[in-house]
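Chains as they are written, first to last, in this note's numbering: chain A, 319 to 704; chain B, 328 to 509. Note that CB positions come from ideal geometry on N, CA and C, so glycine has one too.
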């Protein structure tokens, strides 16, 4: 038996997230267990103490995110996991982490909403909330895996991006991928890139906690390491002290956003299938992309030139790529388990150049390949007529 | 195209069907195949409809759900009523007669009626292992996973100290299937 087969194992999406986070160096988890993310908390509760880490079950999700912000400030890579109702409660402190530049990762395994919705049913209704749930212009990176192995990889990547850019990162899963079990072979620890935050190279007396370096990301001194500084959600100067100075304010808010906007090449990841000659592009993410891939393969058998574009980073929006695809495609089909949240963004970028069509379901079950194929046929027929 | 099997195990929450699906998927990997397991269940800890789906094949599995199972296990009347019509032509339907009393007309599939839960309760002494009895019966009737891989996968996923109980349950399921195969 080959080594690869020996190492292949059946793993659940949520389990892969927990293992990925641990491999990336996460040693603190605070959370309030909620379906369909509960397995992440269960596994972290068991694994973290053995690795010298800490797990705390908090009284609610507001406290959970507050706890991981505190732990991260103290120098420990930190993560929490939740679903829609808990994600809503976390919004205020996501803004705080963005403003105070505290690296944290929030896993949101989406279930049907709004409110408590259908706890065990999948949805993709938090796509816009993950970008704009907290108030004010703010940086955030949102990743969305479509397989168990990718859940592992993106968990590692989420932690790395949070540390590198000092931003909150949302790992936006859905119930299907969270609970899916499939065959995976995990990378050996040496294969993984693990990023740690940049620490100051000057002494405490010269340290400017919010004085930006080359990438616009200030070096981060861990609390308890001899550096004393002020951390606030108020607009602040490079020393961290609150100010209403318009020049300082504009500079800060733009720098926070520029950490993302000036590093898109490093942040964005996506995949494609049959895009080279695609006349109809299906743009899908998360579990929906699996149905879309099947539909694209089936459409090709019928002579419909379909291709799949799958962003693994949802935010920042893959503006350039979608714009380029729109140049050559007669239509872009966007299947989602919501009423068209991401489609609106695709329309913003591609709408003047091509037709953008949604396939939307909010009944708590995964969109099927047949539903997407039917829409592909419809678009194909429409194009043939016109 | 390689060979592909799509299984749906259905019944009531608490019968252990999700675990049963996980064990079959695990066994398939031990057999050197590709597999995927997904589930659909209600918010209740016990009761409510529950189903666990497994796809086994040699190739990549894109869409992870099962629309037309070629192996269908029904362990409650509700599951039987809901899913009997979904079965693929030429498929196999395994019915737990302990809880399923009325069977709709099934065309184009072979139906095996066996008292799975009652066997667990009366032969093994614990109804809680009905899911493992079902596993033995599925493996014997369909051959989707090998007996060796299934035993390994089972022993890897049960609480310590319950090995004997589970082994016996698996054997009971195997033997139960023999009674309807001959």
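- Query: Secondary structure at residue 325/A, three-state DSSP: helix, strand or coil?
  - Reply: Sequence index remark: in the first chain, residue 325/A carries index 7 (1-based). Three-state result, residue 325/A: helix.
- Query: Which residues in the same chain have their Cβ closer than 6 Å to the Cβ of residue 355/B, if we skip the five residues on either side of it in sequence?
  - Reply: As a first step, residue 355/B is located in the second chain; it is residue number 28 there, counting from the start. Counting only Cβ-Cβ distances below 6 Å, and skipping sequence neighbours, we find 362, 383, 472.
- Return no unless some Cβ of chain B is closer than 9 Å to the Cβ of residue 494/A. As a first step, residue 494/A is located in the first chain; it is residue number 176 there, counting from the start. By this cut-off, residue 494/A is an interface position.
- Could you tell me the boundaries of the beta strand (DSSP E) in which residue 436/A lies? Position 118 of the first chain holds residue 436/A. Note, residue 436/A: beta strand (DSSP E), 436-440.
- Item | Residue span of the alpha helix (DSSP H) that contains residue 475/B, given as start and end | Here residue 475/B refers to the residue found at position 148 of the second chain. 474-483 is the extent of the alpha helix (DSSP H) around residue 475/B.
- Item | Segment contact flag, the region 576-585 of chain A with the region 615-625 of chain A, C-beta cutoff 8 Å, min 3 pairs | no
- Going along the chain, which residues of the region 379-406 of chain B sit with their C-beta nearer than 8 Å to a C-beta in chain A? 388, 389, 390, 391, 392, 394
- Message: Along the region 491-520 of chain A, where does the CB come closer than 8 Å to a CB of chain B? Name the residues.
- Response: 494, 497, 498, 499, 500, 501
- Query: My guess is that residue 474/A and residue 510/A are in contact by the Cβ rule of under 8 Å, so how many angstroms apart are they, rounded?
  - Reply: Taking the first chain and counting its residues from 1, the one referred to as residue 474/A is at position 156. Taking the first chain and counting its residues from 1, the one referred to as residue 510/A is at position 192. About 6 Å separates the two Cβ atoms, so the contact holds.
- Figure out for me which residue from 499/B, 435/B, 488/B, 370/B has the closest Cα to the Cα of residue 458/B. Your numbering for residue 458/B matches position 131 in the second chain. The candidate whose alpha carbon is nearest that of residue 458/B is 499/B.
- Task: At 9 Å on the CB atoms, spell out the chain B contacts of residue 684/A, in chain order.
- Result: Residue mapping note: residue 684/A aligns to position 366 of the first chain, counting from 1. In chain order: 365, 390, 391, 392.
- Item | residue 337/B, buried or exposed, once every other Cβ within 10 Å from all chains shown has been counted against 16 | The residue labelled residue 337/B in the question sits at position 10 within the second chain. So residue 337/B counts as buried.
- What are the uninterrupted segments assigned as beta strand (DSSP E) that are 3 or more residues long and contained completely in the region 591-648 of chain A, given in chain order? 598-601, 624-629, 631-633
- Task: Mind checking the region 335-352 of chain B against chain A and listing, in chain order, the residues whose C-beta falls within less than 8 Å of any C-beta there?
- Result: 349, 352
- Query: Name the chain B residues whose beta carbon is nearer than 8 Å to that of residue 612/A?
  - Reply: Along the first chain, one-based indexing puts residue 612/A at 294. Correct list: 389, 390.
- Query: Any idea if residue 440/B is buried or exposed, counting beta-carbon neighbours within 10 angstroms, 16 or more meaning buried?
  - Reply: On the second chain, position 113 is the one that residue 440/B refers to. The residue is exposed, with fewer than 16 neighbouring Cβ atoms inside 10 Å.
- Rounded to whole angstroms, what's the CA-CA distance from residue 353/B to residue 466/A? Just pull it up for me. Taking the second chain and counting its residues from 1, the one referred to as residue 353/B is at position 26. Taking the first chain and counting its residues from 1, the one referred to as residue 466/A is at position 148. For residue 353/B and residue 466/A, the distance between alpha carbons rounds to 15 Å.
- Query: What is the DSSP secondary structure of residue 402/A, counted as helix, strand or coil?
  - Reply: The sequence position of residue 402/A within the first chain is 84, counting from 1. Reduced to three states, the DSSP call for residue 402/A is helix.
- Item | Buried or exposed by the 16-neighbour rule on C-beta atoms within 10 Å, applied to residue 657/A | Within the first chain, residue 657/A is the residue found at index 339, counting from 1. By the 10 Å Cβ count, residue 657/A comes out exposed.
- Are the Cβ atoms of residue 481/B and residue 345/B separated by less than 9 Å? As a working note, residue 481/B is residue 154 in the second chain. As a working note, residue 345/B is residue 18 in the second chain. Taking 9 Å as the Cβ cut-off, residue 481/B and residue 345/B do not qualify as a contacting pair.
- Message: For a test of the three-state rule: what should DSSP assign to residue 336/B, helix, strand or coil?
- Response: In the second chain, residue 336/B corresponds to position 9, counting from 1. Three-state DSSP puts residue 336/B in a strand.
- Item | Within-9 Å CB hit, residue 603/A to chain B | As a first step, residue 603/A must be located in the first chain, where it is residue number 285. Closer than 9 Å: no.
- Message: Which residues in chain B have a C-beta closer than 7 Å to the C-beta of residue 687/A? List them in chain order.
- Response: Here residue 687/A is taken as the residue at index 369 of the first chain, counted from 1. Simply 390.
- Query: Between 631/A, 634/A, 579/A, 640/A, which lies nearest to residue 598/A when the distance is taken from Cα to Cα?
  - Reply: As a working note, residue 598/A is residue 280 in the first chain. Comparing Cα-Cα distances from residue 598/A to each of 631/A, 634/A, 579/A, 640/A, the minimum goes to 640/A.
- Supposed contact pair residue 558/A and residue 549/A - C-beta distance, whole angstroms, cut 8 Å: Numbered from 1 along the first chain, position 231 holds the residue referred to as residue 549/A. Numbered from 1 along the first chain, position 240 holds the residue referred to as residue 558/A. With 8 Å as the limit, residue 549/A and residue 558/A qualify as a contact, their Cβ atoms being about 6 Å apart.
- Task: Measuring alpha carbon to alpha carbon, tell me which of 519/A, 399/A, 702/A ends up nearest residue 354/A.
- Result: Working through the first chain from its first residue, we reach residue 354/A at position 36. Of the candidates 519/A, 399/A, 702/A, the one whose C-alpha sits nearest the C-alpha of residue 354/A is 399/A.
- Same chain, Cβ closer than 8 Å to residue 634/A, five either side skipped, listed in chain order: As a working note, residue 634/A is residue 316 in the first chain. Hits under 8 Å: 459, 578, 579, 582, 585, 586.
- Applying the criterion that 16 or more other CB atoms from any shown protein chain within 10 Å of the CB defines a buried residue, is residue 629/A buried or exposed? To locate residue 629/A, count along the first chain from 1; it is residue 311. When all chains shown are included, residue 629/A counts as buried.
- Query: Counting along the chain, where does the beta strand (DSSP E) carrying residue 424/A start and finish?
  - Reply: Within the first chain, numbered from 1, the residue matching residue 424/A stands at position 106. Looking at the DSSP string, the run of the beta strand (DSSP E) that includes residue 424/A is 422-430.
- Task: Use the C-beta contact count for residue 478/B: other C-beta atoms within 10 angstroms, 16 or more gives buried, fewer gives exposed.
- Result: The residue labelled residue 478/B in the question sits at position 151 within the second chain. Residue 478/B is buried by the Cβ-count criterion.
- Message: Using a Cβ-Cβ cutoff of less than 8 Å, which residues in the same chain neighbour residue 411/B once the five nearest sequence positions on both sides are dropped?
- Response: One-based indexing of the second chain puts residue 411/B at position 84. For residue 411/B, where only same-chain residues beyond five positions count, the Cβ hits under 8 Å are 399, 401, 420, 430, 431, 433.
- Task: Hey, could you find the ends of the alpha helix (DSSP H) residue 506/A is sitting in?
- Result: To locate residue 506/A, count along the first chain from 1; it is residue 188. Careful: residue 506/A lies outside any alpha helix (DSSP H) and carries neither H nor E.
- Message: Between residue 593/A and chain B, is the shortest Cβ-Cβ distance under 9 Å, so that the two count as touching?
- Response: Taking the first residue of the first chain as 1, we reach residue 593/A at position 275. With 9 Å as the cut-off, residue 593/A does not count as an interface residue toward chain B.
- Item | Opening and closing residue of the beta strand (DSSP E) in which residue 411/B lies | Start at 1 with the first residue of the second chain, and residue 411/B comes out as number 84. Per DSSP, residue 411/B belongs to no beta strand (DSSP E) and is neither H nor E.
- Query: Which chain B residues are close to residue 326/A, counting only those with a beta carbon under 7 Å from its beta carbon?
  - Reply: Indexing the first chain from 1 puts residue 326/A at position 8. Neighbours of residue 326/A on chain B, chain order: 356.
- Message: Output needed in chain order: residues of the region 434-445 of chain B with a Cβ under 8 Å from some Cβ in chain A.
- Response: none
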